[in-house]
Amino acid sequence: MSRLSVEDILRITNFNRQEVELLNRHYTSLSGLNDKIDRSRFRDMLADLFGVDDSLIMDRVFRCFDLDADNYISFDEYIKGMSVFLKGRYEEKLKFCFRVYDINGDRYITKEEMFQMLKNCLVKEAVEEDEDGVKDLVDLVLKKLDEDRDGRVSEADWAGAIAKEELLMEAFGQCLPPKKVVDRFMDPTQEDLIASVKQRQNKSKPVAKRVVSAI
């Protein structure tokens, strides 16, 4: 399968020509013999270079990149996904986070999905919380997000709520890197980091604290 041309990439992504060349080198370093990035390598990249260490969120981000659902990320998928992940406009980031949190892909974030993600986050952060406590947190977040009060969060609910309180965009786990991490990743002098994918950078603000501060 032929790759997108540089001109096509410049037209459909948020990258300039120099950034496309850099991302091409990144992809070459990360891809395997089949010229694709497998799930394991992608998860290593998320953890080591972007500080995303929640297993569920890693899997969901991978799914959002893997547009053809073949369990590999092609060059075209990598470029398109990274355009949003690294340099997405507000609307693109809004939709991306919604897709990450919409675990079953039905275009709604349900209470069950919220519970699964928040429980996973609290366990990871070693926060002592029983199931009733997690359910209470879910109820609080749902009140913030469910604008039409139908017991679930649609894309329209999501857009409306995030417009009022942007901290809620990553309420259920970090799925976008902070600017300083993006700057480092896009720095041509830091390419050895991409090649090695070894050193963890886990400095994101704990999810529980983000949720509470947004509420």
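Numbering (this note's numbering), first residue to last: 208 to 422. All C-beta atoms, glycine included, are put in the ideal place defined by N, C-alpha and C. Just so it is clear, the structure is predicted and the values come from calculations on it, not from any experiment.
Exercise. How long is the line joining the alpha carbons of D339 and C328, rounded to whole angstroms?
Worked result: 15 Å
For this session: Report the three-state DSSP secondary structure of D245 (helix, strand or coil).
Result: strand
Exercise. What runs of the beta strand (DSSP E), each 3 residues or longer, lie entirely inside the stretch 354-378?
Worked result: 359-361
Exercise. Per the contact definition of three or more C-beta pairs closer than 8 Å, is the stretch 387-395 in contact with the stretch 292-302?
Worked result: yes
For this session: Thinking G288 and F305 are a contact (beta carbons under 8 Å), I'd like their distance in whole angstroms, please.
Result: Rounded, the Cβ-Cβ distance is 15 Å, inconsistent with contact.
Exercise. DSSP three-state call for I316: helix, strand or coil?
Worked result: strand
For this session: Taking only the alpha-carbon atoms, compute the straight-line gap between G380 and E373 and give it to the nearest angstrom.
Result: 14 Å
For this session: Identify the continuous alpha helix (DSSP H) that holds D339 and give its terminal residues.
Result: E338 to L352
For this session: Please classify L253: is it buried, with 16 or more other beta-carbons within 10 angstroms of its beta-carbon, or exposed?
Result: buried
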